[in-house]
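This report refers to the structure that appears directly beneath it.
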Amino acid sequence: MSSSVEFHGAVVLAPMVRVGTLPMRLLALDYGADLVYVEEIIDHRLLGCSRLVNRRLGTVDFVHKDGSLVFRTCQRERQRVVLQLGTADPDRAVSAAKIVERDVACIDVNMGCPKDYSTKGGMGAALITDAPRAVAILKALVANLSIPVTCKIRVLPNLSDTVALAQALESTGIACLAVHGRFKHERPRNPNHNDYIAAVCRAVSLPVLANGGSGDAVRLPLDVEYFRRVTGASGVMLARAAMHNPSIFRREFEDRLESSETLVVKYLKYAITYDNPFPQSKYCIQQLLHDRTESEVYRSTLAAQTWSDLCTLWNLSAWYGEHLAKVERLEAEAEDASQEQQQQPQSEQHAGVKRKAETAAETALAASGPLTKRRLTVDSDTGEVLASFRYLRRLYRPDTSPKMLLHTHCQWRDLPAPEYKTDYIDRLYYSQVTVEGKVYRNLLGDQSKRYAEQGAACICLVHLGLSDGRKDEEQAKPEQQQQQSKQKQQQPVEKQSEVANGKQSEEIVS
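Position one of the sequence shown corresponds to residue 1 (the UniProt record's numbering), numbered consecutively onward.
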């Protein structure tokens, strides 16, 4: 098929484990990368995923059945993101690729990873010594996908074998071939075999991306073109050089790189905005600081345990507070809309269910009364502060939340960020929060994990003698009356039965 992706002249972010997640890909695009590769995802893993549209983040998420996030992407990279697939089976490769086909620009097959976890399964670099299997996988993908297919290989010790492999892979109809100029057993400290890459480029007519030049040939943006010319490649794929400084992709100021401080701040904002896992993000920040491992800021980064710690370290506390407030507002709006929709009766047969819901609502209303210190108890054995409290968003100020207030309190007093722990028991969430080593536990479960955590934050704030953000009585009254009026309007009203064509129909208005 004709490729809709331009590989000629492309400078590309290589697939890297723990690095190639959405924040780093977006940062690379900011600095001029033409394409960005996702870290390798094993076909078995992808086959266990469901595609979910995350409206709060503006992303498409592929979430495994075990609840873990496998791949997250957004519209901005839609035409430039390449998902690298780890596979050893043609049919399984096609099935896995089909899951993400409409959300990525290309599918790449990993034939270069030398790690045992990959090669023992017949994947990665194992495929460069099993050409028939490699060819079968690529042919199956090319025949069944509507997007371009590419692959990434390592060179073989024998040059003629490397050229023969490249020609066999080209015959499958792939759109591009990335070639890492090291043998399977070689590591970054070994010189890159640029002559092997050049030989492949002369032997095939499809675009070739030269890989393996980081540190050897490529240290500044102006070195990228030199590496491309030395190898005769159509484009360049960068791994370590990009991991350490994504400004390697920029076309302006090619004689210098962006400062690590600027890069960390930009990366940190992307990581928090897109809910990137904290350990991965911290690892990437360490890579951006790779040349400052003896510095105090590097040691402080290593010691950081929370997003708040990192934001304080990098002077982003104000931005982080604004971000959390925005997230809380968006989640509250979504939660309220969801709860309102769930409360609307669908038909007369739901009367019993509705009555149970009303009973539960009455119980919740009693538990959601103003939280005072009189309602708190202290466990004599553990010292934990306990309460049974229901957090109802409509009773609290719309411009903040208990979690935000508690977070701000801890910041002002230079305390570690609040730590939340939530258990899911009998379809309800039970939360506790720890502040200064003291645990504040809500004994009342909630169907919403977020609301359960807000309840725990309320308990802590009240115990500390602080406002939990609840509206005063006069503010809350009109909204309570409005809510009661809305509930009355939602009472199902039976219309008279109408008979048409001999069939009885009944309409319920709610």
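Virtual Cβ for every residue (Gly too), placed ideally from N, Cα, C. Since we're looking at a predicted model, the values are computed, not measured.
> Assuming E270 contacts L27 under a Cβ cut-off of 8 Å, what Cβ separation, rounded to an integer in Å, is found between them?
Replying inline: One detail in the question is off: residue 270 reads as Tyr in this sequence, not Glu. So it is a contact: roughly 6 Å between Cβ atoms.
> Buried or exposed: which applies to E436, given that a residue is buried once 16 or more other Cβ atoms fall within 10 Å of its Cβ?
Replying inline: exposed
>> Within a Cβ cutoff of 8 Å, which residues of the same chain sit near L257, ignoring the five residues on either side of it in sequence?
In response: L220, P221, N245, S247 and I248
> Who are the near neighbours of A178 in its chain, counting only those whose CB is closer than 6 Å to its CB and skipping five residues on each side?
Replying inline: K152, L209, N211 and M237
> What did DSSP end up calling S286 once you bin it into helix, strand or coil?
Replying inline: Note that residue 286 corresponds to Gln in the displayed sequence, not to Ser. Q286: helix per DSSP, three-state reduction.
>> Given this structure, state the Cα-to-Cα distance separating M16 from Y391, to the nearest angstrom.
In response: A direct Cα-Cα distance of roughly 43 Å separates M16 from Y391.
> So what's H193 in DSSP terms, helix, strand or just coil?
Replying inline: coil
> Would you call the CB atoms of I99 and R25 closer than 8 Å?
Replying inline: no
> K377 bridges to which residues according to DSSP?
Replying inline: Residue identity check: residue 377 is Thr in the sequence provided, not Lys. For T377, which the question treats as bridged, DSSP gives the partners L386.
> So, are the CB atoms of L169 and L138 less than 8 Å apart?
Replying inline: yes
>> At the level of alpha carbons, what is the spacing between E384 and E294?
In response: Going by C-alpha positions, E384 is about 41 Å away from E294.
> If you draw a straight line from the C-alpha of H463 to the C-alpha of L376, how long is it?
Replying inline: 8 Å
> What separation, rounded to the nearest whole angstrom, lies between the Cα atoms of E101 and N144?
Replying inline: 10 Å
> Do the segment 183 to 198 and the segment 224 to 233 make contact, defined as three or more Cβ pairs closer than 8 Å?
Replying inline: yes
>> With a threshold of 6 Å on Cβ separation, who are the neighbours of P207 within its own chain once the five nearest residues in sequence on each side are excluded?
In response: For P207, the CB contacts under 6 Å within the same chain, skipping 5 residues up- and downstream, are F7, H8, C176 and S234 in chain order.
> What's the gap between the Cα of V38 and the Cα of V82?
Replying inline: 6 Å
>> Could you check whether the segment 281 to 301 touches the segment 61 to 69, counting it as contact only if at least three pairs of C-beta atoms, one from each stretch, sit closer than 8 Å?
In response: No, because fewer than three Cβ pairs between the segment 281 to 301 and the segment 61 to 69 fall closer than 8 Å, the two stretches do not touch.
> For the alpha helix (DSSP H) that D116 lies in, which residues bound it at each end?
Replying inline: According to the DSSP assignment, D116 belongs to the alpha helix (DSSP H) that extends over D116 to T119.
>> Does K65 come out as helix, strand or coil in the three-state DSSP assignment?
In response: coil
> By Cβ distance, which residues of its chain are closer than 8 Å to P418, with the 5 residues on each side in sequence left out?
Replying inline: K403, L406, H407, C410, V433, T434, V435, A457 and C460
> Taking the alpha helix (DSSP H) that V297 falls in, what are its first and last residues?
Replying inline: E296 to A303
> Of the residues P188, S467, P132 and P148, which one's Cα is nearest the Cα of A166?
Replying inline: It is P132 whose Cα lies nearest to the Cα of A166.
>> Please report the straight-line C-alpha distance between V5 and D291, rounded to a whole angstrom.
In response: One C-alpha to the other measures close to 35 Å.
>> Less than 7 Å between C-beta atoms, sequence neighbours within five positions excluded: which residues of the same chain meet that for L330?
In response: R56
>> For residue 522 and D161, what's the separation of their Cα atoms in angstroms?
In response: What is shown of the chain runs 1 to 510, which leaves residue 522 out entirely.
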